[in-house]
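Residue numbers (the numbering used here), protein chains in the order written: chain A, 1 to 379; chain B, 1 to 379. Backbone N, C-alpha and C fix where the C-beta goes; we use that ideal spot for every residue, glycine too. Here the structure comes first, spelled out in structure tokens, and everything after it is commentary.
Number of protein chains: 2
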Amino acid sequence: MKTSSFEKEINVLRNDIDEVDSQLVKLLAKRRKITTNVGKLKSAAGMPIYVPEREAALLRKHRENAENAGLSADLIEDILRRLMRDSYISQDANGYRCVNTACKKIVIVGGAGQLGKIFVDLFTRSEYKVSILEENDWSRSHEILADVSVVIVAVPIRWTSSIIQKLNNLPDDCILADITSIKEKPLYEMMKVHAGPVVGLHPMFGPDISNLIKQTIIVCDGRLSNKYCWLLEQFQVWGAKTYSVEANSHDKAMSMVQVMRHFSTIAYGYHLMTEGANLSQLVEMSSPIYRLELIMVGRLFAQNPILYSDIIFANPDNISMMKRFALRFLELLKDVEQGDKDAFVEMFKQVSNWFGNYANDFLKESKAMLLKADDLKSN
Amino acid sequence: MKTSSFEKEINVLRNDIDEVDSQLVKLLAKRRKITTNVGKLKSAAGMPIYVPEREAALLRKHRENAENAGLSADLIEDILRRLMRDSYISQDANGYRCVNTACKKIVIVGGAGQLGKIFVDLFTRSEYKVSILEENDWSRSHEILADVSVVIVAVPIRWTSSIIQKLNNLPDDCILADITSIKEKPLYEMMKVHAGPVVGLHPMFGPDISNLIKQTIIVCDGRLSNKYCWLLEQFQVWGAKTYSVEANSHDKAMSMVQVMRHFSTIAYGYHLMTEGANLSQLVEMSSPIYRLELIMVGRLFAQNPILYSDIIFANPDNISMMKRFALRFLELLKDVEQGDKDAFVEMFKQVSNWFGNYANDFLKESKAMLLKADDLKSN
Numbered sequence: 001m002k003t004s005s006f007e008k009e010i011n012v013l014r015n016d017i018d019e020v021d022s023q024l025v026k027l028l029a030k031r032r033k034i035t036t037n038v039g040k041l042k043s044a045a046g047m048p049i050y051v052p053e054r055e056a057a058l059l060r061k062h063r064e065n066a067e068n069a070g071l072s073a074d075l076i077e078d079i080l081r082r083l084m085r086d087s088y089i090s091q092d093a094n095g096y097r098c099v100n101t102a103c104k105k106i107v108i109v110g111g112a113g114q115l116g117k118i119f120v121d122l123f124t125r126s127e128y129k130v131s132i133l134e135e136n137d138w139s140r141s142h143e144i145l146a147d148v149s150v151v152i153v154a155v156p157i158r159w160t161s162s163i164i165q166k167l168n169n170l171p172d173d174c175i176l177a178d179i180t181s182i183k184e185k186p187l188y189e190m191m192k193v194h195a196g197p198v199v200g201l202h203p204m205f206g207p208d209i210s211n212l213i214k215q216t217i218i219v220c221d222g223r224l225s226n227k228y229c230w231l232l233e234q235f236q237v238w239g240a241k242t243y244s245v246e247a248n249s250h251d252k253a254m255s256m257v258q259v260m261r262h263f264s265t266i267a268y269g270y271h272l273m274t275e276g277a278n279l280s281q282l283v284e285m286s287s288p289i290y291r292l293e294l295i296m297v298g299r300l301f302a303q304n305p306i307l308y309s310d311i312i313f314a315n316p317d318n319i320s321m322m323k324r325f326a327l328r329f330l331e332l333l334k335d336v337e338q339g340d341k342d343a344f345v346e347m348f349k350q351v352s353n354w355f356g357n358y359a360n361d362f363l364k365e366s367k368a369m370l371l372k373a374d375d376l377k378s379n
Numbered sequence: 001m002k003t004s005s006f007e008k009e010i011n012v013l014r015n016d017i018d019e020v021d022s023q024l025v026k027l028l029a030k031r032r033k034i035t036t037n038v039g040k041l042k043s044a045a046g047m048p049i050y051v052p053e054r055e056a057a058l059l060r061k062h063r064e065n066a067e068n069a070g071l072s073a074d075l076i077e078d079i080l081r082r083l084m085r086d087s088y089i090s091q092d093a094n095g096y097r098c099v100n101t102a103c104k105k106i107v108i109v110g111g112a113g114q115l116g117k118i119f120v121d122l123f124t125r126s127e128y129k130v131s132i133l134e135e136n137d138w139s140r141s142h143e144i145l146a147d148v149s150v151v152i153v154a155v156p157i158r159w160t161s162s163i164i165q166k167l168n169n170l171p172d173d174c175i176l177a178d179i180t181s182i183k184e185k186p187l188y189e190m191m192k193v194h195a196g197p198v199v200g201l202h203p204m205f206g207p208d209i210s211n212l213i214k215q216t217i218i219v220c221d222g223r224l225s226n227k228y229c230w231l232l233e234q235f236q237v238w239g240a241k242t243y244s245v246e247a248n249s250h251d252k253a254m255s256m257v258q259v260m261r262h263f264s265t266i267a268y269g270y271h272l273m274t275e276g277a278n279l280s281q282l283v284e285m286s287s288p289i290y291r292l293e294l295i296m297v298g299r300l301f302a303q304n305p306i307l308y309s310d311i312i313f314a315n316p317d318n319i320s321m322m323k324r325f326a327l328r329f330l331e332l333l334k335d336v337e338q339g340d341k342d343a344f345v346e347m348f349k350q351v352s353n354w355f356g357n358y359a360n361d362f363l364k365e366s367k368a369m370l371l372k373a374d375d376l377k378s379n
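Written as structure tokens, this is what we have:
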């Protein structure tokens, strides 16, 4: 085939693709208009945006459609999920149903902070009266806290204790809550300072999210859950999932998934630097999976060290747990030093058993993730 | 608004969405037909499937289209990238241009293995004559290796050395290559055993990939690169990116991104088990980012321990490097034990500086990844 003829033919096909893609843009704009109307309707009726069953049914139907049309079902599912994310954003632009219209006032202590802001915004758009209490407002705290129905402490972890201590004069029926990433200590302090309903919350998301749909909020009961349960229902109206757990179990779990991971990731970054690694070369050479791991390390160092040191230094119990990790690391390294592959493989199999079905589920999920990481590559 | 009226109105809108989604499926099926034809045309003309400039231009154009239609440009880019992945798969179904028609025969030692298979398939679909040499074929290796132009060693790392040793009687002009994940030792051994062109390769992907588009193959020169450069060009025709580096630098980098990460991930899994972590609770409680980290740990334990122990035990130099990591970990932990936040923050800032612009780039990339992880959630 001559190049000129190839060029001609490929240009015809490329124009066809461009035409399809332009139609695609138009179709998606049409879809967006409809979902915006769905949002308005739901907001007016006070119905939740995220309806898991509807989402699942829609995916099921169009997976089948796709297969009948000779397309990959996974392709259409991926695209619909991406469209749903967009449609949730458009629907979130409207207001939400107010679960408790009898609520007089909500005060967010630290409501100007990154995470506090999100709650201020959502409560406001659910037609609650919301006030913020920041560092400089304590002189008029009496006024701000007068007649309050809910107080949520949303300050950096190092201030949580001292702020809670100041909240010793709330109305008896006021709900006192915090959103600190540790739960046992703040909960204990809230219980001491306030006799009414108390609940500890840990929102499992950062300030980057654009809405609460599919996000998790961990709930640790203090007292009088029947008085604060409407608050959890409000979170669910926003699309969040609540998960109840004992404060102590929460802290133990977080020490392992949050504190320990943060710390060892930081240590790994420090290790790379000290070993004199060639970072740009590492990036060039990385497979999708190593790139993903490198990203998870590097991302941390773009953020505020105070954020991490506060979490890591908050609970001295974590130190011994992390020391145990380092010692286990050295213990396993001894097997390598002695060339004892059998011992290593034996340990590996034990851990595999312990992971059980999760190992396979995670492998499957990670493969889907890695394909998505590949999609992002520009060259 | 009455519920019945809400139900009526929402059902109308939901039907509209379903209609749009059905049109979407049809449009994508049409697109797939066109891209399949592009594939056939390119295959016949011997043109590469992946043309980065064309991809970039197409994205640019439709980002603009999307914005003009009141849509998010990122939405259309994400969807087009997903469609491109699919279109590459459809195009890959056709043959590839054969870069070197003078090549008489390619032998893949271990060509029945997971990674070897991929190369056998790609060479075959590029119209090369390909033979496999497996464990039981050595009695007739004389016959298989007669008149061979390229031999690629694609066996598990623990057999690489002994296999290379057997390849001491290749035609002078034959290219000898391996695809082991370490490079210095196999390269040294290939150079010793064969006087012709030698090249060490490390494909930075696993056996799960469906084509080589956007994948990286690391290249460590042995000798006579002018004789094997057509092989690298062939990889590029398949869509892969080649990256040349010294064998020693490769091994050093891999010890840190591959060996060290594997080992510490395994140690972390062992730690979780030994600490008696409640895995299902950890999963329930995880934020998208902790879930991603947990997945990256668990995925490993769904795989063959021999695979990992071979890599970890392959190079004793790695032991001292990993020991240094554990000692640094304990050293940093001392700061925490002594409550020395300043020292910790100081160290953190140093590492941030060392990461430089990568830290911000990685943060941005990880945010895009986490949104994609959210999309995958089913409830």
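Contact criterion: CB-CB distance below 9 Å. Does residue i meet it with respect to chain A?
i	result
E275 of chain B	yes
N94 of chain B	no
F123 of chain B	no
E184 of chain B	no
S162 of chain B	no
A267 of chain B	yes
A146 of chain B	no
Q303 of chain B	yes
V345 of chain B	yes
P48 of chain B	no
L58 of chain B	yes
Please classify residue i: does DSSP put it in a helix, a strand, or coil?
i	result
G113 of chain A	coil
M84 of chain A	helix
R125 of chain A	coil
A73 of chain A	helix
Y358 of chain B	helix
D172 of chain A	coil
A56 of chain A	helix
A177 of chain B	strand
S149 of chain B	coil
V107 of chain B	strand
S131 of chain B	strand
Going along chain B, which residues have a C-beta under 7 Å from residue i?
i	result
A66 of chain A	V25
N11 of chain A	None at all; the shortest Cβ gap to chain B is about 11 Å.
L201 of chain A	Neighbours of L201 of chain A on chain B: none; closest Cβ ~13 Å, over 7 Å.
At least one CB of chain B closer than 9 Å to the CB of residue i: is that the case?
i	result
A247 of chain A	no
G298 of chain A	yes
N278 of chain A	yes
E284 of chain A	yes
R261 of chain A	yes
Q215 of chain A	yes
Q165 of chain A	no
Which residues in chain A have a C-beta closer than 7 Å to the C-beta of residue i? List them in chain order.
i	result
W354 of chain B	M273
S366 of chain B	I295, M296 and R299
M322 of chain B	L333
F329 of chain B	S264, A267 and A326
D208 of chain B	K367
Could you list which residues in chain D have their beta carbon closer than 7 Å to that of residue i, in chain order?
i	result
Y188 of chain A	No chain D is present in this structure, whose protein chains are A and B.
Residues of chain B with CB closer than 9 Å to the CB of residue i, please, in chain order.
i	result
H62 of chain A	D18, D21, S22, L24 and V25
R97 of chain A	Neighbours of R97 of chain A on chain B: none; closest Cβ ~12 Å, over 9 Å.
Along chain B, which residues have their Cβ under 8 Å away from the Cβ of residue i?
i	result
P156 of chain A	Correct list: empty, because the minimum Cβ distance to chain B is about 13 Å.
I34 of chain A	L13, D16, I17 and V20
Which residues in chain A have a C-beta closer than 8 Å to the C-beta of residue i? List them in chain order.
i	result
L371 of chain B	R85
K37 of chain B	One detail in the question is off: residue 37 of chain B reads as Asn in this sequence, not Lys. Within chain A, the residues near N37 of chain B are L13.
L307 of chain B	Result: empty, since nearest Cβ-Cβ is about 10 Å, beyond 8 Å.
V257 of chain B	L282, M285, S286, Y290, E293 and L294
Scan the segment 69-88 of chain B for residues whose Cβ lies nearer than 8 Å to a Cβ of chain A and list them as they occur along the chain. A69, G70, L71, S72, L75, I76, D78, I79, L80, R81, R82, L83, M84, R85 and D86
| field | Contained beta strand (DSSP E) runs [length at least 3] in the segment 197-284 of chain A, N- to C-terminal order | value | 198-203, 216-223 and 241-244
Q. Can you list, in chain order, the stretches of the alpha helix (DSSP H) that have 4 or more residues and sit fully within the segment 288-361 of chain B?
A. If we require 4 residues or more, the alpha helix (DSSP H) runs fully inside the segment 288-361 of chain B come out as 288-298, 305-313, 317-337 and 341-355.
Exercise. Going along the segment 331-342 of chain B in order, which residues come within less than 7 Å of chain A, judged by CB to CB distance?
Worked result: L332, L333, V336, E337, G339 and K341
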